[in-house]
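In this note's numbering, the protein residues as written are 157 to 413. C-beta: ideal position from N, C-alpha, C; glycine also. Read through the structure below, which is laid out as structure tokens, and then see the notes.
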Amino acid sequence: MSNQKNKLSKISAILSIEDQILLTEKFYKNILLFNDPCLEAQRMAVKKNYMILKHITNPYPEVQIFVVKRDGGNIRLIKDPCPEAQRIAVERDGSNIRFIKDPCPEAQRIAVERYGGNIILIKDPCPEAQIIAVHEDPLNVCSIKNPCEEAQLFVVEKSPVNIQWIENPTEKIQNLICTKYPQCIVYLQIISDEALQIYNKLIAVPEDFTCSICIEEEGKEKKIIQKLTSCGHYFHKDCVQKWLKDKDSCPVCRTSI
Ligand SMILES: [Zn+2]
Ligand SMILES: [Zn+2]
Numbered sequence: 157m158s159n160q161k162n163k164l165s166k167i168s169a170i171l172s173i174e175d176q177i178l179l180t181e182k183f184y185k186n187i188l189l190f191n192d193p194c195l196e197a198q199r200m201a202v203k204k205n206y207m208i209l210k211h212i213t214n215p216y217p218e219v220q221i222f223v224v225k226r227d228g229g230n231i232r233l234i235k236d237p238c239p240e241a242q243r244i245a246v247e248r249d250g251s252n253i254r255f256i257k258d259p260c261p262e263a264q265r266i267a268v269e270r271y272g273g274n275i276i277l278i279k280d281p282c283p284e285a286q287i288i289a290v291h292e293d294p295l296n297v298c299s300i301k302n303p304c305e306e307a308q309l310f311v312v313e314k315s316p317v318n319i320q321w322i323e324n325p326t327e328k329i330q331n332l333i334c335t336k337y338p339q340c341i342v343y344l345q346i347i348s349d350e351a352l353q354i355y356n357k358l359i360a361v362p363e364d365f366t367c368s369i370c371i372e373e374e375g376k377e378k379k380i381i382q383k384l385t386s387c388g389h390y391f392h393k394d395c396v397q398k399w400l401k402d403k404d405s406c407p408v409c410r411t412s413i
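Below is the structure:
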């Protein structure tokens, strides 16, 4: 069987353009025998059945464009679509971006201009696409794995509590939070000693603080302390957040949160 296949591919290597056209005219699936089918044969085959495109290794841009003009979702049949085909596909429907492995920046831009939430369909969105997406809705930042600093900056300046949606804020953004919006420090994983001091002063942590959840004083580990706004009791941020996962009242005075 594989011998026969080898023989066929040897034959296809020496097929003239005329022979390719002739064989494709007879039966479009014959194109599968050609190593590098010519443009005319590709055109003929996809006109018969555009699904055949899936089996053509490097389809000509003209052929790619032909199938995506029919239906933008056909972009999924092309392994490495050309920029023009990508552009047409996402212009038809921005969510077609999900079928493109490494979308070009222009396709990304069009996809998120149509709907910022499409950013979730792009594996590593380019900075421009990220910025458009967060301008449409700052919470789109949740769908970006490592948002660029400009996107982070916009999100935080729009509303500093949004910092909680950024998994790994850059040092610059962390510093901005610590100096400009210290009340949002509770949303940071890491903060400097200096910023922690500013924050503790701001929320007026009592001298004799002890966390009633873990019964430990704030000390060596320099844990972040959180003050519950509803009753004013203080706890380690990590302790109280774990507690509030399944309860909705203060562990000390039972005031509902
Ligand atoms: Zn604690
Ligand atoms: Zn309380």
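Could you check what DSSP says for residue i in three-state terms: helix, strand or coil?
i    : result
Q220 : helix
I234 : coil
K279 : coil
F391 : strand
C367 : strand
Q382 : strand
E262 : helix
E323 : coil
S299 : helix
S251 : helix
L171 : coil
Kindly list the residues whose CB is nearer than 7 Å to the CB of residue i, restricted to its own chain and excluding five residues on each side of it in sequence; keep chain order.
i    : result
I170 : none
Y184 : M200, A201, K204, N205, I208
F256 : Note that residue 256 is Ile in the sequence shown here, rather than Phe. Contacts found: I231, P237, Q242, A263.
P259 : Q242, I253, I278
S405 : T411, S412, I413
V223 : V202, Y206, L209, N230, L233
Q176 : F190, P193, C194, A197
N324 : N302
C370 : H392, C395
S251 : N274, L277
E240 : P217, I221
Please return the same chain residues whose Cβ sits closer than 6 Å to the Cβ of residue i, not counting the five positions on each side in sequence.
i    : result
Q320 : Y343
C106 : Residue coverage of the chain in this structure runs from 157 to 413, which leaves residue 106 outside it and unanswerable.
C387 : C406, C409, T411
D249 : G228
I187 : T180, P193, A197, A201
C100 : Given a span of 157 to 413 for the chain in the structure shown, any question on residue 100 remains unanswerable.
I359 : K383
Within a Cβ cutoff of 8 Å, which residues of the same chain sit near residue i, ignoring the five residues on either side of it in sequence?
i    : result
P281 : Q264, V268, I275, A289, I300
I417 : Beyond the ends of the chain as shown, which are 157 and 413, falls residue 417; an answer cannot be given.
E181 : M200
K310 : Here the sequence assigns Phe to residue 310, which means Lys is not the residue at that position. Around F310: I287, V290, H291, P294.
Any chance you could list the residues with Cβ under 6 Å from a heavy atom of ligand 2, keeping chain order?
L384, C387, H389, C406, V408, C409, T411
Go through the residues and name those whose CB comes closer than 5 Å to any heavy atom of ligand 1, in chain order.
Chain order is used for the residues whose beta-carbon lies nearer than 5 Å to a heavy atom of ligand 1, namely C367, I369, C370, H392, C395.
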